[in-house]
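Asks:
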Amino acid sequence: MRPGTILSFGLVSLGAAMVLLPFVWMVSVSLKPHNEIFTPEVTLLPQQPTLANYWQALTETDIPLYLLNGVIVTGGILLLQLAITVPCAYALAHRRFPGRALLFGAVIAALLVPFHVTAIPIFLAFSQVGLLNTYAALILPFIATAFGLFLLRQAFAQIPAQLIDAARVDGMSEMGIAWRVAFPLGLPTVIAFSIFSVTAHWNDLFWPLVATTSPELATPPRGILFFRDEESGDDIGPLMAGATLITAPLIIGFLLAQRRFTQGLAGAGLKR
Amino acid sequence: MIRRLATDLLLAGPAALAVVLFIFLPVAVVFVLAFTDYLVGAPTADWVGLENFEELFGSRLGRNALINTLIYSAVVIPSSVILGLLVALGLHGITKRMPRVSAVLRTVYFLPVAATLVAMAVAWQMLMHPSLGLLNHWIAALGLTPQQWLTDRGLVLYSLAAIGIWQGVGYNMVLFLAGLSAIQPTLYDAATIDGAEHGWSRFWCVTWPMLGPTTLFVVIVTAANAFRVFETVATMTDGGPAFASDTIVYALYREGFVYFKAGYASAITVVFFAALLLLTALQIALVERKVHYR
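These protein sequences, in sequence, are chains F and A. Mapped onto our numbering, the consecutive letters of the first sequence carry residue numbers 1 to 272. Mapped onto our numbering, the consecutive letters of the second sequence carry residue numbers 1001 to 1294.
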């Protein structure tokens, strides 16, 4: 092996070890008994690993509730996003209607708008109609997805027009074509977008922090902060167990479907 | 005809309505609010012209948030772009001889992109804990002075920047790897014939120019993410100590949703939005010009 290859390998491995450090530390502390955490003799790995912190996080704290809220909110966002985005993207790709160019232009323009920019007016409107502190407040602002419309429109545009026409001749309704022809043929893009959407909203802190104050509605990132701020610095073990538990679903998903995750998340650079 | 229109409305209407309601209308409202002194819950508001912007650019606190964001970006953008490129070059170089190892390393570098940043910030907080953290323990073992990573006013912004870099390298690496694999091997053959035989000259004659479009995209995306820094600030420092890690999006959150100064927070939003639009305009202008060798 050439010395250059060995040097590259050494440096890249060293960097990888540094990238892994916070993960290793999080899991390690979560497995340490109380007396191993609160000691000046800090060690990288636990001497007597225990699952007690996980037991405490799962039975004595609201971590399970936060995880459930995460599933409800990310699932609700994704289902509603797809429900309105798939038919619209199909229409943009395969139908001619007045205002189509305008709508597509608006979608491109909306790609430039980060969520933070819309937060204050949406917060004010939700507070007017009494929607703050509800699941709806956590879900509704995100059903409009310029990114999803753009991605799916591009994917559906690849479907040959003859195929769509054949479905029409067979008597399928337009809604039927959107869901039973375009949707399955565009599935790889749908999956990439779904991974992006679920990851973005599972991890989001800004909007849950703004739209809810009730711990009962906390999503995983909001919840872990409730947990941390309640305890007086004495529950570091269960806190690390909680942090591990809320990041585990995405990490496991990523490890199981690396290529799809990388595709889904790498595309995020197209939006602001 | 009517039936056709009804079908179009059924298909495209809901999404179009949602885009107007949740994106365009709020953007318009935020631009109006930015010129008022509206407080959340107040019955009325007065037109104050540019006063909110004067406060943001003129007050010590406002300027501090802007400057902190620029310092954070000035550290994170070059570091995570250059490290992302180096890791991609390293992995690209060993892929042929060690494909398995290379794949595992790529996975490791990408982990922070998929992980929940708030949970990882909690883990970083523990890593940087002054007495119980591993970082200070190792530093002391090396005979150096332990640091107050998150409570030292001169250090805190750089501690957060380190986490920003940690999170961004993997994303940039993936984009650079895609860019590298798109370079035609014949270009390297041609470079060899022209006398560029060694790593350095091959990099400068072929790799770097061919990566131009990728690099531009990576820089713009990294910059947009750096301007947006929020989660680590909100989790680890709340902008402190003494506003030493206050940033533009955190200031937006604090003024708007903690102090309920909707007018002032809208002005911060407008400035933040303008900075991102400027970045996109720069991207388009540069793409038009000279980054493509095709």
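Here a beta-carbon is modelled for each residue, glycine too, at the ideal position from N, C-alpha and C.
Three or more beta-carbon pairs under 8 Å between the region 1176 to 1190 of chain A and the region 1205 to 1220 of chain A, yes or no?
Replies: yes
Asks: Strictly by DSSP, which residues pair up with Trp1047/A?
Replies: Bridge partners of Trp1047/A: Thr1036/A.
Asks: Just to confirm, is the Cβ distance from Gly148/F to Gln81/F under 8 Å?
Replies: yes
Asks: Identify, in the order they occur along the chain, each residue of the same chain with its Cβ nearer than 7 Å to the Cβ of Asn1064/A, setting aside the five sequence neighbours on each side.
Replies: Phe1243 and Asp1246
Asks: Does Glu216/F come out as helix, strand or coil in the three-state DSSP assignment?
Replies: Helix at Glu216/F.
Asks: Identify every run of the alpha helix (DSSP H) within the region 1105 to 1176 of chain A, keeping only runs that are complete inside it and at least 4 residues long; order them along the chain.
Replies: 1117 to 1127 and 1134 to 1141
Asks: Can you have a look at Ser1266/A and say buried or exposed, based on whether 16 or more other CB atoms are within 10 angstroms of its CB?
Replies: buried
Asks: Leu1039/A and Ala1262/A look like a contact to me (Cβ under 8 Å); what is the Cβ gap, rounded to whole Å?
Replies: 6 Å
Asks: My understanding is that Ala1123/A touches Ala243/F, with C-beta atoms under 8 Å, so please give their C-beta distance in whole angstroms.
Replies: 6 Å
Asks: In the structure shown, what three-state DSSP assignment does Pro1078/A receive?
Replies: The answer is helix: DSSP assigns Pro1078/A an H, G or I state.
Asks: Am I right that Leu983/A and Ile120/F are in contact with their C-beta atoms under 8 Å? What's the rounded C-beta distance?
Replies: One cannot answer for residue 983/A here, as it falls past the ends of chain A, which runs 1001 to 1294.
Asks: Check for me: the alpha helix (DSSP H) holding Cys276/F runs from which residue to which?
Replies: A question about residue 276/F goes unanswered here, because the residues of chain F that appear run from 1 up to 272.
Asks: Let me see if you follow: with CB-CB separation under 8 Å, is Leu1056/A close to chain F or not?
Replies: Not one chain F Cβ lies under 8 Å of Leu1056/A.
Asks: So which residues on chain A does Gly15/F lean against when the C-beta distance must stay under 7 Å?
Replies: By Cβ distance, chain A contributes Val1087.
Asks: Compute the distance between the beta-carbons of Ala1115/A and Phe261/F, then report whether it is under 8 Å.
Replies: no
Asks: For the pair the region 1186 to 1198 of chain A and the region 1001 to 1009 of chain A, tell me if three or more CB-CB distances fall below 8 Å.
Replies: Contact fails: fewer than three Cβ-Cβ distances are below 8 Å.
Asks: Closest by CA to Ile1002/A, which one among Pro98/F, Leu185/F and Ala155/F?
Replies: Pro98/F
Asks: Rounded to whole angstroms, how far is the Cβ of Gln1167/A from the Cβ of Leu1155/A, which I believe are closer than 8 Å?
Replies: With 8 Å as the limit, Gln1167/A and Leu1155/A do not qualify as a contact, their Cβ atoms being about 19 Å apart.
Asks: Return the CA-CA distance between Thr1107/A and Ser1080/A, expressed in angstroms with no decimal places.
Replies: When rounded, the distance between both Cα atoms is 17 Å.
Asks: Using a Cβ-Cβ distance under 8 Å, would Met1210/A count as near chain F?
Replies: no
Asks: For Phe156/F, does the count of other Cβ atoms within 10 angstroms reach 16, so buried, or fall short, so exposed?
Replies: buried
Asks: Please name the residues in the region 1229 to 1244 of chain A whose beta-carbon is closer than 9 Å to at least one beta-carbon of chain F, in chain order.
Replies: Phe1230, Glu1231, Ala1234 and Thr1235
Asks: So with CB distances below 7 Å, who are the chain A contacts of Gln258/F?
Replies: In chain order: Thr1107.
Asks: Could you pull the start and end residues of the alpha helix (DSSP H) that Arg288/F belongs to?
Replies: Absent from the structure is residue 288/F, since the part of chain F shown begins at 1 and ends at 272.
Asks: Thinking C-alpha only, which one of Val113/F, Leu45/F, Ala136/F and Pro49/F is nearest Leu1278/A?
Replies: Val113/F
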